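Residue numbers (our numbering): -7 to 293. First comes the structure, then the notes that go with it.
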């Protein structure tokens, strides 16, 4: 009979079948209860329920132990084989998952500018643990799409998943040092009017920064009068800004290395908020290998 032809209404409770198989194999309700971490009464109740459903005895007392009847022995043998096949299937799938690379999904910006430059440190510490990175701005279903971890930008609330703060993502306005040198001598990033000294520059927004216009207006600038050029990919934006084409507003985590290495300089920084980059995973299914990568990830941050 094919699995698709099974009528599960004809099959007793799997809990009852597990209880009976254990009791038959161990010849004891008490031993079965200890193995399954339930009470003696629960095992006895399951066995009685099966006997009522089949209309015949499955176990009977033999001295101080329980023994299976002829019908019980046939059922116990079939259950043992069936549960063995299930256990083998689970082991095979678990081993296959353990052998595959740790699969991580994150945004394009974060993968290119934060994660990729740090991966050499991970592989130096864990040379035998393969990792695949899938940059994608789309939100994916971790279980459905086969990912162990996600690194996402947001407020840290994803139902059913565990999210841990990885690095703050407040945004910062940056430019090439040669561009910054064109600012007035008296320019101060902490001045309430700092934004007005920046409106004459060419702006190249980060493509997913949907709040930039609102932010500019809140500071007293008029985006309609500014030179704003949109590019489709943030890699293009950063390449242009690194070459001195203009200024951009980016998550600090994305441009931190550029700032540290002097390729870019900070012109204006917004206050921190709960918007940040978080590691996200399903705590019930995370593999030991993925947990190693997760631990390294937070240390790197």
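Glycine included, every Cβ here is placed at the ideal spot set by N, Cα and C. Fair warning: this is a prediction, and the values are worked out from it, not measured in the lab.
- Under the criterion of beta carbons closer than 8 Å, residue 262 and residue 226 do not qualify as touching, at roughly 18 Å.
- In this structure, residue 169 sits near residue 257, with a CB-CB distance shorter than 8 Å.
- Of the residues assessed, residue 46 falls on the exposed side of the cut-off, its CB having fewer than 16 other CB atoms within 10 angstroms.
- Taking 8 Å as the cut-off, the Cβ atoms of residue 107 and residue 98 count as close.
- Counting C-beta pairs with one atom in each stretch, the segment 203 to 218 and the segment 150 to 162 have fewer than three that are closer than 8 Å, which means they do not touch.
- Each of 144, 280 and 58 was checked against the Cα of residue 272, and the nearest Cα belongs to 144.
- Comparing alpha-carbon positions, the option among 37, 142, 124 and 236 lying closest to residue 131 turns out to be 142.
- Your pair residue 293 and residue 158 checks out as a contact, with CB atoms roughly 5 Å apart and the cut at 8 Å.
- No Cβ-Cβ contact shorter than 8 Å links residue 166 with residue 123.
- Here residue 261 carries a strand assignment [DSSP, helix/strand/coil].
- For residue 24, the number of other beta carbons within 10 angstroms of its own is at least 16, and it is reported as buried.
- Annotation: the continuous alpha helix (DSSP H) that includes residue 280 extends over 280 to 292.
- Contact between the segment 3 to 20 and the segment 36 to 46 is present: 3 or more CB-CB pairs across the two stretches fall below 8 Å.
- Excluding five sequence positions before and after residue 239, the CB atoms of its chain that fall closer than 8 Å to its own CB belong to 165, 166, 167, 171, 190, 193, 194, 195, 196, 233 and 259, given in chain order.
- Judged by DSSP secondary structure, residue 32 falls within the alpha helix (DSSP H) whose first and last residues are 32 to 46.
- Between residue 7 and residue 38, the C-beta spacing is below 8 Å.
- For residue 141, the beta-bridge partners assigned by DSSP are 96.
- Note: residue 150 is not bridge-paired with any residue in the DSSP secondary-structure output.
- Residue 139 holds the alpha-carbon nearest to the alpha-carbon of residue 274 among 174, 139 and 71.
- CA-to-CA, the gap between residue 57 and residue 28 works out to about 18 Å.
- Residue environment: residue 35 is assigned as buried (16 or more neighbouring CB atoms within 10 Å of its CB, all protein chains considered).
- In the same chain as residue 235, and ignoring 5 residues on each side of it, the C-beta atoms closer than 8 Å to its own belong to 168, in chain order.
- Around the beta carbon of residue 15, 16 or more other beta carbons sit within 10 angstroms, so the residue counts as buried.
- Going by DSSP, residue 54 is part of the beta strand (DSSP E) stretching over 51 to 54.
- Only exposed fits residue 72, as fewer than 16 other CB atoms lie within 10 angstroms of its CB.
- Looking at the DSSP output, residue 195 shares a beta bridge with 220 and 239.
- For residue 26, the enclosing alpha helix (DSSP H) has its first and last residue at 21 to 28.
- DSSP, read as helix, strand or coil, puts residue 173 in coil.
- In the three-state scheme derived from DSSP, where H, G and I count as helix and E and B as strand, residue 210 is classed as helix.
- In this structure, the beta-carbon distance from residue 249 to residue 109 falls below 8 Å.
- In the three-state reduction of the DSSP assignment, residue 111 falls in the helix class, which pools H, G and I.
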